[in-house]
Structures are given as structure tokens and as C-alpha cells.
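Trainee: Here the protein sequences line up with chains Z and V, keeping their order.
Going by my numbering, the first sequence opens with residue 61, and the numbers climb by one from there.
Going by my numbering, the second sequence opens with residue 3, and the numbers climb by one from there.
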Amino acid sequence: MIEEPFAHGSTLFHKRDSRVKLIAAGALSLILALTDSFAVAGVGCLLMGLLLWASRPEPKILCRRILTVNFFTFFLWLTLPLTYGGNESIHFLSLHLSLGGIKTATLISLKTNAIFFCFLTLLATSPLANLGHGMEKLGMPRKFTFLLLFSYRQLFIIHQEYQRLQRAARLRGFIPANSIHTYRTYGYLFGMTLVKSWNRAERIHQAMILRGFTGSLIPLNQPPLNTKDRFFLALMLLLCLFLLSISFYKCPYAA
Amino acid sequence: MTLSKPLIELRNIYYSYPGSKTPLLQDVNFAISEERIGLIGENGCGKTTFFQIIMGLLQAEKGEIIFQGKMISNKKDFRELRSTLGFLFQNSDDQLFSPTVLEDVAFGPLNMGATPDEAKEISISTLEKLGLHGFEDRITHKLSGGEKKLVALATILSMQPKLLLLDEPSNNLDPTTRERLINILRGLKQAHIIISHDLDFLASTCSQLYTIQDTHLRRCEDKQIHSHEHVHPYGDQPHQHGT
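(1) What residue range is occupied by the uninterrupted beta strand (DSSP E) comprising V/Asn45?
(2) How would you call Z/Leu111, buried or exposed, if buried means at least 16 neighbouring beta carbons within 10 angstroms?
(3) If the cut is a Cβ gap below 8 Å, which residues of chain Z does V/Asn113 touch?
(4) So what's Z/Glu63 in DSSP terms, helix, strand or just coil?
(5) Going by DSSP, name the residue or residues bridged to V/Asp169.
(6) At least one CB of chain V closer than 8 Å to the CB of Z/Gln226: is that the case?
(7) Does DSSP put Z/Arg116 in a helix, in a strand, or in coil?
(8) Below 8 Å on C-beta distance, what does Z/Arg263 contact in chain V?
(9) Quick one: grab the DSSP three-state call for V/Phe69.
(10) Going by other Cβ atoms of all chains shown within 10 Å of its Cβ, with 16 needed for buried, is V/Glu105 buried or exposed?
(11) Rounded to whole angstroms, what is the Cα-Cα separation between V/Tyr236 and V/Gln242?
(12) List the residues of chain V that Z/Ile217 touches, going by C-beta distances under 9 Å, in chain order.
(13) Find out if the Cβ-Cβ distance for the pair V/Ser172, V/Leu183 is shorter than 8 Å.
(14) Let me confirm a value: Z/Arg230 is counted as buried when at least 16 other C-beta atoms fall within 10 Å, else exposed. Which label applies?
(15) Could you list the residues in the region 173-200 of chain Z with a C-beta less than 9 Å from some C-beta on chain V, going in chain order?
(16) I'd like to know whether the C-beta atoms of Z/Leu208 and Z/Gly192 end up nearer to each other than 8 Å.
(17) Roughly how many whole angstroms lie between the Cα atoms of Z/Phe98 and Z/Leu167?
(18) Among residues of its own chain, excluding the 5 on either side of V/Phe91, which ones have a beta-carbon nearer than 8 Å to its beta-carbon?
(19) Just the Cα atoms here: how many angstroms apart are V/Pro118 and Z/His68?
(20) Could you list which residues in chain V have their beta carbon closer than 8 Å to that of Z/Arg79, in chain order?
(21) Apply the 10 Å Cβ neighbour rule to V/Asn113 and answer buried if 16 or more other Cβ atoms are within range, or exposed otherwise.
(22) Quick one: give me the first and last residue of the alpha helix (DSSP H) that Z/Leu392 is part of.
(23) For Z/Arg202, return the contacting residues in chain V, with the cut-off set at a CB-CB distance below 7 Å.
(24) I need the straight-line Cα distance from V/Gln162 to V/Glu66, nearest angstrom please.
(25) With DSSP as the reference, label Z/Ser330 as helix, strand or coil.
(26) Counting only beta-carbon separations shorter than 8 Å, does Z/Arg213 have a partner in chain V?
(27) CB V/Tyr17 to CB V/Thr50, shorter than 8 Å?
(28) In terms of residues, what are the limits of the beta strand (DSSP E) holding V/Asp29?
(29) Give the secondary structure of V/Leu211 by DSSP, where H, G and I count as helix, E and B as strand, and everything else as coil.
(30) For the region 227-259 of chain Z, enumerate the residues whose C-beta is nearer than 7 Å to any C-beta of chain V, in chain order.
(31) Alpha helix (DSSP H) containing Z/Tyr212: first to last residue?
(32) Residues of chain V with a CB under 9 Å from the CB of Z/Gln266: which are they?
(33) In whole angstroms, what is the alpha-carbon distance linking V/Gly71 and V/Leu41?
(34) How far does the alpha helix (DSSP H) with Z/Leu285 in it reach, from first residue to last?
(35) Going along chain Z, which residues have a C-beta under 8 Å from V/Pro118?
(36) According to the neighbour-count rule (16 or more other Cβ atoms, all chains shown, within 10 Å of its Cβ), is Z/Pro117 buried or exposed?
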């Protein structure tokens with residue numbers, strides 16, 4: 061199973077209903093993703109960082125995740141300043157770095173991290189099963205939520221099955237090399253995993269039907285929204301408004 | 003329970019695998035109300051298929067299934083039948099699909115219209131009856147093989163079925179868990195049909211024995227004198243065997 065290192069805790073983010081968090085995360089990430097203002101992205105990143113800090117994530121795992129995400133922004137920093145073009149440029153170690161490129165890379169980095177923090181604070185603090193049920197309650201297509209919930213549960217088993225087959229091959233002396241034999245063997249392994257997963261899916265479906273499944277998953281733990289949830293949602297939407305309002309404010313220093 | 007109306011009855015059932023010319027089951031006639039039946043037979047002789055036909059997972063080519071005196075003819079009838087019959091799969095991994103034990107055990111009751119609170123209550127009491135107290139929040143795929151089997155049994159018992167169909171329940175169980183399962187099954191009020199190759203297991207849980215031989219379902223005679231060859235440490239010393 062995919063680990064959920066941030067899903068368990070007792071902060072106010074962990075206690076809130078998944079529906080409220082889904083709406084808040086959707087609204088906030090939409091604003092952050094669509095903005096082209098440094099102020100909005102910067103303030104957003106800062107605020108999301110503060111909220112994330114309040115949800116008390118495990119520092120070690122958090123750092124690893126931040127590094128993973130910024131591994132991608134790192135490539136932007138490698139390419140954009142050199143390729144973006146434009147009239148303004150900075151000379152650095154005999155390189156012409158485009159100012160526009162640096163600005164774009166900064167903006168993208170800020171936005172990426174702000175949205176990432178937002179998701180860690182609001183979504184990663186709920187177990188995935190709750191998010192799935194929350195999505196269904198919010199009227200997301202049922203097929204989509206099933207897909208999410210079942211891939212989450214079954215990916216692990218499929219992976220295990222693949223490993224078992226791979227082990228069986230290795231135990232019989234299979235050493236991967238650049239040969240037709242290797243490619244064929246991997247082809248068989250993938251094919252067999254696919255067939256096995258298909259059969260398993262069919263049996264699980266049977267098990268579900270036998271226990272009265274008629275097409276809708278009924279969540280076990282989904283208490284109705286309470287006042288705190290509503291208050292939290294209102295607060296998050298106010299935060300959205302605040303971020304939106306920044307973009308209308310003419311900052312004298314903004315480019 | 004009236005004797006005239008069995009819980010479930012199969013009449014003249016015929017089945018062969020799609021695309022296969024040789025039939026797997028022929029002229030199967032069977033009825034059960036409150037009996038505890040063991041089913042033995044060679045690998046691939048159609049034991050599991052027999053269960054799947056009863057549950058409506060496979061459709062017989064010919065024949066009738068009568069459930070509580072009523073002929074089963076459509077999906078809706080099968081839905082009713084399935085809520086009364088519990089089928090324990092050979093592989094528990096196929097049966098447990100929810101992240102936590104409690105969610106899995108509550109899945110059936112929820113589908114049958116129980117409120118979340120009721121479902122929770124039924125599930126916890128079912129788990130307790132099986133000696134699985136405190137298992138509610140365990141992750142299903144991280145359980146041991148024996149625990150998985152017992153939890154899978156709980157997922158079925160939580161639907162309060164009248165008849166249990168158990169497909170090789172004692173497979174891969176260690177002696178302690180096997181003994182525990184025997185005691186559980188003996189203590190249940192439900193009728194059951196158990197597929198197994200473990201004759202001792204069947205002897206301690208069933209009162210009748212059936213077998214599928216040459217595509218036909220037959221009842222075995224009650225007692226047959228036979229001997230076993232067996233091996234264990236100190237076998238050359240005079241010794242007694244437990245019952």
C-alpha cells in the first residue's frame with residue numbers, strides 16, 4: 061500500500077471533513093495556478109508554507125518531498141534563463157542569462173511550491189479513502205472515485221504479484237541482458253501480471269457482488285459537516301479572496 | 003424450518019466451460035436446509051464451479067435453482083439469494099478489498115441497508131465472536147494468512163447468512179489456526195457446505211460427505227473402513243492417535 065505519512069495527526073487540518081478540504085484545495089490551487097503576479101504567488105507560497113507548518117508534518121519526509129518536487133523546477137532553472145530570450149540579460153560567468161527567463165522560473169517555482177504546500181496541508185492530511193468518499197459526496201463522477209480508491213488499494217497487490225513473478229524468474233537463473241531472451245521474458249512477466257491482475261479484479265468484483273454491492277460505495281465514517289468545518293471553509297474562501305485581491309492591488313515595486 | 007422446503011435446491015444442473023465440449027457437471031441434484039456437508043473431489047472436478055453456480059456467478063446451461071421454494075430466474079432473485087448465502091473464497095486476498103478490517107466487514111451490512119452506526123456495531127460484534135477483538139483498524143493486506151481467512155469469514159458472517167459455502171477454508175492454515183477455525187465452524191448455527199481435501203477437517207465439521215465423480219455429484223456412504231499410511235517422528239514407537 062502507498063504510505064500516507066501525513067494523514068495521521070491531531071491538528072485542525074486533520075480533523076476537518078475531507079469535502080471541505082477538497083473544495084478549499086481546489087479553489088486555492090486554481091487561483092495559484094492561474095495567477096501571473098509575483099505578489100500573489102509569493103504571498104500564497106508564504107501563507108501555504110505557514111499553514112503547512114501548522115499541520116505539523118514529519119520534517120524528514122517533508123524535506124524529501126520538497127526536494128522531489130523541486131527537482132523538476134531545477135530543470136526550469138537550468139533551461140529557462142538560457143533559452144527564454146528577451147532584451148534584458150545579466151552577464152554571469154560569460155553566460156548571457158535572460159532576465160525574463162529568471163523571472164518566469166521564479167514565478168513557476170513559487171507557484172509550484174505554493175500549490176504543493178496547499179495539497180500537503182489540505183489533502184495529504186486526509187486518508188485517501190476519505191478523500192475518495194468526499195469526492196463522491198461532492199458529486200464527482202462515480203467511476204472516477206472508484207478508479208482512485210481501487211487503484212490505491214490494488215496497485216500494491218499488482219506490484220507484489222509482479223515481484224513474485226520476477227523472483228520466480230530470477231530463482232531459475234534469469235539474468236537480464238540485452239538479448240531477445242530478456243525482452244521476451246520481460247514481455248511474459250508484464251503480460252502475466254496483466255492477466256493475473258485482470259483475473260484478480262474479476263474475483264474481487266465477484267466478492268463485492270456477493271456482498272450486495274449495487275454500484276455505490278457507502279462510506280462508514282462520514283459524519284455530517286459541523287460548524288467548525290463550515291467555519292474552516294469560510295476561512296479558506298476568505299484566504300482565496302485575499303489572494304485574488306492582491307492581484308488587483310497595484311504594487312509600486314511590481315514589474 | 004419446514005422439511006418440505008429446502009433452503010436451496012438444485013435440479014438437473016448441467017454445466018460446461020465456455021468453448022469446451024466436455025461437460026464439467028451433469029445432472030446435478032442437490033438440496034440443503036440445515037445440514038453440514040463436506041464436498042471432496044479431485045482438482046478441477048467442478049467443486050468451486052458448483053459453488054459459483056449456486057451463487058449465480060456462473061450460469062448453468064440447463065437446470066433449475068430453487069431458493070426457499072421459489073425458482074431463481076433473474077438478477078434480482080440472485081441478489082436476494084446472495085444476501086442469505088455466504089461464500090468464502092479460496093483466496094482471502096480476493097475477498098478483502100477495503101483498506102481496513104472494519105470497513106471490509108461493514109461493507110456487506112452497509113450494502114444491505116444498515117446505517118453506518120449499525121454496520122459498525124454488527125461488524126465489531128462479529129469480529130469479537132471470531133476472537134478478532136481489536137482488529138478493526140488493522141490494514142487488511144498486512145494480516146497474516148490465518149488472520150486474513152478469519153477476517154474474510156467475518157466479512158461474510160456480518161451479513162448474517164443462513165448457509166455458508168466455504169471453499170477450501172483450511173488450506174495453508176497452521177495447526178492452531180486450523181483448530182480455531184474448526185471450533186468456530188462447530189459453534190456457528192448456520193448450515194454449511196465445505197470444499198476440502200482435508201478429510202480430518204471435514205470429519206470434525208461436517209455430518210455428511212458428498213463428492214463429484216465423473217461430472218456427477220454423489221453422496222458418500224456414511225462410514226467406510228480405511229487405513230492411512232502416515233509418517234511422523236518416533237513413528238516406530240507404540241503410540242496412540244487423537245480422535
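The C-beta atom is built at its ideal place from N, Cα and C for all residues, glycine as well.
Keep in mind that this is a model prediction, so the values were computed, not measured.
Mentor: Once the coordinates are examined:
(1) Walking along the second sequence from the start, residue 45 of chain V turns up at place 43. It is not in any beta strand (DSSP E) - V/Asn45 carries neither H nor E in the DSSP assignment.
(2) For the purposes of this step, residue 111 of chain Z is taken as the residue at position 51 of the first sequence. That one is buried.
(3) Here residue 113 of chain V is taken as the residue at index 111 of the second sequence, counted from 1. Listed along the chain, the chain Z residues whose CB falls inside 8 Å of the CB of V/Asn113 are Arg271, Gly272, Phe273, Thr274, Ile278.
(4) Taking the first sequence and counting its residues from 1, the one referred to as residue 63 of chain Z is at position 3. When secondary structure is reduced to three states using DSSP, Z/Glu63 falls in the coil class, being assigned neither helix nor strand.
(5) As a working mapping, residue 169 of chain V is identified with position 167 in the second sequence. DSSP lists V/Ile197 as partners of V/Asp169.
(6) On the first sequence, position 166 is the one that residue 226 of chain Z refers to. For Z/Gln226, not one C-beta of chain V is nearer than 8 Å to its own C-beta.
(7) For the purposes of this step, residue 116 of chain Z is taken as the residue at position 56 of the first sequence. It is coil, neither helix nor strand.
(8) Residue mapping note: residue 263 of chain Z aligns to position 203 of the first sequence, counting from 1. Neighbourhood of Z/Arg263 in chain V, by CB distance below 8 Å: Phe91, Asn93, Asp96, in chain order.
(9) Start at 1 with the first residue of the second sequence, and residue 69 of chain V comes out as number 67. The answer is strand: DSSP assigns V/Phe69 an E or B state.
(10) Position 103 of the second sequence, counted from the first residue, corresponds to residue 105 of chain V. For V/Glu105, the number of other beta carbons within 10 angstroms of its own is at least 16, and it is reported as buried.
(11) Taking the first residue of the second sequence as 1, we reach residue 236 of chain V at position 234. Taking the first residue of the second sequence as 1, we reach residue 242 of chain V at position 240. The straight-line gap from Cα to Cα measures roughly 12 Å.
(12) In the first sequence, counting from the first residue as 1, residue 217 of chain Z sits at position 157. Those are Asp95, His143, listed as they occur along chain V.
(13) Taking the second sequence and counting its residues from 1, the one referred to as residue 172 of chain V is at position 170. Taking the second sequence and counting its residues from 1, the one referred to as residue 183 of chain V is at position 181. When the beta-carbon positions are compared, V/Ser172 and V/Leu183 come within less than 8 Å of each other.
(14) The residue labelled residue 230 of chain Z in the question sits at position 170 within the first sequence. The residue is exposed, with fewer than 16 neighbouring Cβ atoms inside 10 Å.
(15) Taking 9 Å as the cut-off between beta carbons, the residues of the region 173-200 of chain Z near chain V are Pro187, Leu188, Ala189, in sequence order.
(16) Looking up residue 208 of chain Z in the first sequence gives position 148. Looking up residue 192 of chain Z in the first sequence gives position 132. Their beta carbons are under 8 Å apart, which means Z/Leu208 touches Z/Gly192 by this criterion.
(17) Locating residue 98 of chain Z in the first sequence gives position 38, counting from the first residue. Locating residue 167 of chain Z in the first sequence gives position 107, counting from the first residue. If you draw a straight line from the Cα of Z/Phe98 to the Cα of Z/Leu167, it comes to about 6 Å.
(18) To locate residue 91 of chain V, count along the second sequence from 1; it is residue 89. Within the same chain, Cβ atoms closer than 8 Å to the Cβ of V/Phe91 are found at Gln97, Ala154, Asp169, the five residues on either side in sequence being excluded.
(19) Numbered from 1 along the second sequence, position 116 holds the residue referred to as residue 118 of chain V. Numbered from 1 along the first sequence, position 8 holds the residue referred to as residue 68 of chain Z. Using only the alpha carbons, I get a separation of about 22 Å.
(20) Residue 79 of chain Z sits at position 19 when you count from the first residue of the first sequence. Within 8 Å Cβ-Cβ: nothing; Z/Arg79 doesn't reach chain V, min ~16 Å.
(21) Here the question's residue 113 of chain V lines up with position 111 in the second sequence. Buried, because 16 or more other Cβ atoms sit within 10 Å of the Cβ of V/Asn113.
(22) Missing from the structure shown is residue 392 of chain Z; chain Z here goes from 61 to 315 and no further.
(23) Within the first sequence, residue 202 of chain Z is the residue found at index 142, counting from 1. Listed along chain V, no residue sits closer than 7 Å to Z/Arg202 by beta-carbon distance, the nearest being about 15 Å off.
(24) Residue 162 of chain V sits at position 160 when you count from the first residue of the second sequence. Residue 66 of chain V sits at position 64 when you count from the first residue of the second sequence. Straight-line Cα distance between these residues: approximately 25 Å.
(25) Any question about residue 330 of chain Z goes unanswered here, given that chain Z covers just 61 to 315.
(26) For this step, residue 213 of chain Z is matched to residue 153 along the first sequence. With 8 Å as the cut-off, Z/Arg213 counts as an interface residue toward chain V.
(27) For the purposes of this step, residue 17 of chain V is taken as the residue at position 15 of the second sequence. For the purposes of this step, residue 50 of chain V is taken as the residue at position 48 of the second sequence. Judged by beta-carbon spacing, V/Thr50 lies beyond the 8 Å limit of V/Tyr17, meaning their Cβ atoms are not closer than that value.
(28) Position 27 of the second sequence, counted from the start, is the residue given in the question as residue 29 of chain V. Residue range 27-34 is occupied by the beta strand (DSSP E) that includes V/Asp29.
(29) Counting from one through the second sequence, the residue named residue 211 of chain V turns up at place 209. Collapsing the DSSP output to three states places V/Leu211 in a strand.
(30) If the cut-off is 7 Å between Cβ atoms, the region 227-259 of chain Z has nothing near chain V.
(31) Residue numbering aside, residue 212 of chain Z sits at position 152 when the first sequence is read from its first letter. Note, Z/Tyr212: alpha helix (DSSP H), 202-231.
(32) The residue given as residue 266 of chain Z occupies position 206 in the first sequence. The contacting residues are Gln54, Met57, Leu59, Phe89, Phe91, Asp96.
(33) The residue given as residue 71 of chain V occupies position 69 in the second sequence. The residue given as residue 41 of chain V occupies position 39 in the second sequence. Rounded to whole angstroms, V/Gly71 and V/Leu41 show a C-alpha spacing of 24 Å.
(34) As a position in the first sequence, residue 285 of chain Z is number 225, starting the count at 1. Here Z/Leu285 belongs to no alpha helix (DSSP H), and DSSP marks it neither H nor E.
(35) Here the question's residue 118 of chain V lines up with position 116 in the second sequence. What V/Pro118 touches in chain Z: Ile278, Pro279, Leu280, Asn281, Gln282.
(36) Mapped onto the first sequence, residue 117 of chain Z falls at position 57. Under this definition Z/Pro117 is a buried residue.
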